[in-house]
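Below is one structure, written out as structure tokens, with a few remarks after it.
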Amino acid sequence: MKRLLDILKGKWLRHPLHPILAHVPMAMWPGAFIFDLLSFCNIGGNAMVRLSFYAIAFGLAASLLAMPTGLVDWTGIKKEKPAWKIGLYHLALNVIVVTLFAINLGLRVPDFRNASIVPPVPLTLSILGTAILVVSAYLGGRMTYHYGISVARMSKDQWREIARAGGANLPPE
Amino acid sequence: MKSLEPEVPIFHRSKIDMKDFLEGKPLQHPLHPMLVHFPIGLFLLSFLLDFGSLLFPSVPDLVRDSFYAMLLGTITALLAAVPGFVDYTDIRSDHPGKRTATAHLLLNLMVVVIYGINLGVRSPSLADSKISSGPLILSLIGVGLLSASGYLGGKLVYDQGIAVGRHKRRMPTPQNTLRLTAPIAGADNIFVPVMAAQQLRERETLRVELDGQVLAIARIDNQFYAFQEFCTHRFGPLSEGRFDGFDVQCPWHNSCFDVRTGRVTQGPAKVDLKTLKMETREGKIGVLLQRHL
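Protein chains in written order, with the working numbering: chain A, 1 to 173; chain B, 174 to 466.
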């Protein structure tokens with residue numbers, strides 16, 4: 001069990017995995033929304049409708065991998081920290097976003113090879129999904145850049161050595 | 174005591190300068206890491222579609238779809254480069270992350286050039302059902318270099334703490350470390366003048382290495398304070414911290430210390446900072462170094 005958790009935390013790569021995997025849905029779903037809009041500009045026949053479909057599918061596949069890694073990172077945060085609550089919102093919003101894009105993809109399956117524009121319901125789902133994703137991703141970024149979650153987690157021994165060499169007071173090991 | 178009022182958050186100020194904007198301070202989130210999702214995701218998608226065209230030649234137009242994904246990837250890569258470069262210039266010249274950042278920058282330039290060539294090479298044959306080997310190899314190289322570069326970008330944040338907590342700080346951060354040597358003569362309480370302290374503005378800092386000891390020197394309410402550079406939690410850079418009254422806040426995990434005494438005023442840090450006394454002698458500001466013989 002501990003080995004599985006270490007794998008999910010990215011210790012083998014010396015880099016947290018969730019922020020890496022999150023790049024894919026974070027790019028694919030707003031991308032799908034842009035492709036949807038471009039489909040109305042009649043670019044590349046129905047290329048934009050197809051691209052949007054592929055983008056949503058690729059995003060879904062990666063988000064299934066991103067979920068367990070995110071969950072593991074989140075359970076590592078103490079419950080009384082402000083970042084825990086932000087993580088909870090981030091998680092809840094992501095579940096909504098994944099659900100919306102899964103429905104979105106399902107609705108597109110019958111027609112994506114032929115349609116020249118994206119029908120209104122999938123388009124609405126793309127808009128909604130992207131809007132919620134942007135909020136959720138911002139919260140995820142806040143966890144890193146404001147609260148320092150996963151920052152200096154794997155490099156703390158190197159930093160400790162630098163601080164020791166610089167004559168600093170140090171915490172007990 | 175005007176300077177001891179809480180800092181006005183940057184997004185409440187009427188005028189925001191361009192550098193602050195590109196560093197994402199009004200948004201309280203750096204811009205470069207937000208924008209890089211797009212080239213990374215889109216270049217990967219384009220690579221998958223290339224591969225798909227080889228595996229499923231009966232599926233029409235995958236080559237064309239890959240081209241459009243790559244085109245949008247290249248456009249967003251150029252967009253991400255702008256705040257990325259600003260972030261790069263803001264890293265202290267002797268920071269261990271500076272070299273990582275240089276490698277990241279050079280790799281990204283190569284990636285953009287390779288994708289530019291790739292777009293040009295494949296543009297005449299978008300109607301093909303299978304991608305030809307030239308553009309495919311370029312995609313492979315592109316994705317390989319991009320992965321390496323993305324990994325380094327992640328190292329910059331998660332190992333080296335670059336851009337973490339930077340939006341909390343209002344004043345510019347030190348651009349280098351000032352190296353000083355104490356006079357050899359004398360026993361206790363050696364006075365070491367720090368000439369550069371004279372130019373410090375309120376809540377600005379110096380990063381000083383004095384005989385191997387690394388210090389942050391800050392000016393607060395017209396007084397000067399010297400304390401250890403490294404936070405006692407995960408050793409974040411206090412010379413890049415945010416000041417609130419006499420407290421310095423670590424940019425990484427928000428530990429706070431009173432710069433007058435070094436005491437922890439907010440965790441996660443538990444151990445107090447080492448502080449040094451500062452004095453003015455004959456008009457010069459300096460640090461009093463305790464030498465234990």
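Built from N, CA and C at the ideal position, the CB exists for glycine as well.
Could you tell me which residues DSSP pairs with residue i in its beta bridges?
i      : result
L353/B : L383/B
I393/B : Q396/B
D417/B : D420/B
R454/B : K457/B
P410/B : F403/B
T448/B : F400/B
T130/A : Bridge partners of T130/A: none, in fact.
T144/A : Paired residues: none, contrary to the question.
T378/B : A391/B
Which of the three DSSP states, helix, strand or coil, is assigned to residue i?
i      : result
K156/A : helix
I468/B : Here chain B has residues from 174 to 466 only, and residue 468/B is not among them.
T346/B : coil
Q463/B : coil
V437/B : strand
F224/B : helix
Q372/B : helix
D193/B : helix
F120/B : Residue 120/B falls outside the range modelled here, since chain B spans only 174 to 466, and no answer is possible.
L469/B : Outside the shown range of chain B, which is 174 to 466, sits residue 469/B, and nothing can be said about it.
L91/A  : helix
L388/B : strand
M1/A   : coil
P120/A : helix
F240/B : helix
I314/B : helix
K11/A  : coil
H210/B : helix
G167/A : coil
Nearest CA to the CA of residue i: which residue from the options?
i      : options                           : result
D467/B : I132/A, Y54/A, V97/A and M28/A    : Only positions 174 to 466 of chain B appear in the structure, and residue 467/B is not among them; the question remains open.
V255/B : F400/B, E196/B, D420/B and M344/B : E196/B
G323/B : K341/B, V209/B and A242/B         : V209/B
L449/B : K443/B, I458/B, P441/B and A442/B : I458/B
D36/A  : W159/A, K156/A, N104/A and E161/A : N104/A
V134/A : A165/A, L65/A and V97/A           : V97/A
L128/A : W159/A, L170/A and N94/A          : N94/A
V416/B : A242/B, P345/B and A336/B         : Residue identity differs from the one stated: residue 416/B is Phe in this sequence, not Val. When only C-alpha atoms are compared, the closest one is P345/B.
T434/B : G327/B, L462/B, F240/B and F400/B : F400/B
H18/A  : G167/A, A165/A, I149/A and S39/A  : I149/A
G334/B : C404/B, R376/B and P233/B         : C404/B
G166/A : H340/B, T354/B and L388/B         : L388/B
L221/B : D445/B, H277/B, Q463/B and L313/B : L313/B
L5/A   : L71/A, P119/A, M143/A and P82/A   : L71/A
L461/B : D384/B, V421/B and V444/B         : D384/B
H426/B : T273/B, Y398/B, R339/B and R343/B : R339/B
L100/A : I56/A, F112/A and K85/A           : I56/A
E382/B : G289/B, L351/B, P356/B and V365/B : L351/B
R454/B : L309/B, N362/B and P441/B         : N362/B
V109/A : P16/A, R50/A and M1/A             : R50/A
Answer with buried or exposed for residue i, where buried requires no fewer than 16 other C-beta atoms within 10 angstroms of its C-beta.
i      : result
Q386/B : buried
M174/B : Residue placement at M174/B is flagged as unreliable, the pLDDT there being 38, under the threshold of 50; the coordinate-derived value follows with that caveat. By the neighbour-count rule (16 or more Cβ atoms within 10 Å), M174/B is not buried but exposed.
E178/B : With a pLDDT of 48 at E178/B, under the threshold of 50, the predicted position of this residue should be treated as unreliable, though the coordinate-derived value follows. Under this definition E178/B is an exposed residue.
T262/B : exposed
C429/B : buried
K79/A  : exposed
S155/A : buried
F229/B : exposed
S231/B : exposed
S116/A : exposed
S126/A : buried
D234/B : buried
V294/B : exposed
C423/B : buried
S39/A  : buried
Margin query: Taking beta-carbon pairs under 9 Å, can you tell me which members of the region 327–350 of chain B lie near chain A?
Written below: Listed by position, the residues of the region 327–350 of chain B near chain A (Cβ gap below 9 Å) are G327, K328, V330, Y331, D332, Q333, G334, A336, V337, G338, R339, H340 and K341.
Notebook entry, point to check: Of the residues that make up the region 3–22 of chain A, which ones have a beta carbon closer than 7 Å to any beta carbon in chain B?
Noted result: H15, P16, P19 and I20
Next item on the list: Taking only beta carbons into account, state which residues of the region 351–382 of chain B come closer than 8 Å to chain A, listed in chain order.
Entry: E382
Notebook entry, point to check: Just by C-beta distance, which residues in the region 142–165 of chain A are closer than 8 Å to chain B?
Noted result: R142, T144, Y145, H146, Y147, G148, S150, V151, A152, R153, M154, S155, K156, Q158, W159, R160, I162, A163 and A165
Next item on the list: Could you name the residues of the region 36–62 of chain A whose beta carbon sits closer than 9 Å to any beta carbon of chain B, in the order they occur along the chain?
Entry: Answer in chain order: L38, I43, G44, G45, N46, A47, M48, R50, L51, Y54, A55, F58, G59 and A62.
Next item on the list: Note down, in chain order, all residues in the region 394–423 of chain B with a beta-carbon under 9 Å from any beta-carbon belonging to chain A.
Entry: So the close ones are Q401, E402, F403, C404, T405, H406, R407, F408, G409 and C423.
Check: What residues in the region 193–212 of chain B have a beta carbon less than 9 Å from any beta carbon of chain A?
Finding: Correct list: G197, L200, Q201, H202, P203, P206, M207, V209, H210, F211 and P212.
Item checked: Residues of the region 117–141 of chain A whose Cβ lies closer than 9 Å to any Cβ of chain B, in chain order -> A137, Y138 and G141
Notebook entry, point to check: Between the region 431–455 of chain B and chain A, which residues of the former have CB atoms less than 7 Å from a CB of the latter, in chain order?
Noted result: K443, V444, D445, L446 and K447
Check: Which residues, in order along the region 262–287 of chain B, keep a beta-carbon less than 8 Å from a beta-carbon of chain A?
Finding: Cβ contacts with chain A come from P269.
Margin query: Output needed in chain order: residues of the region 297–320 of chain B with a Cβ under 9 Å from some Cβ in chain A.
Written below: L299
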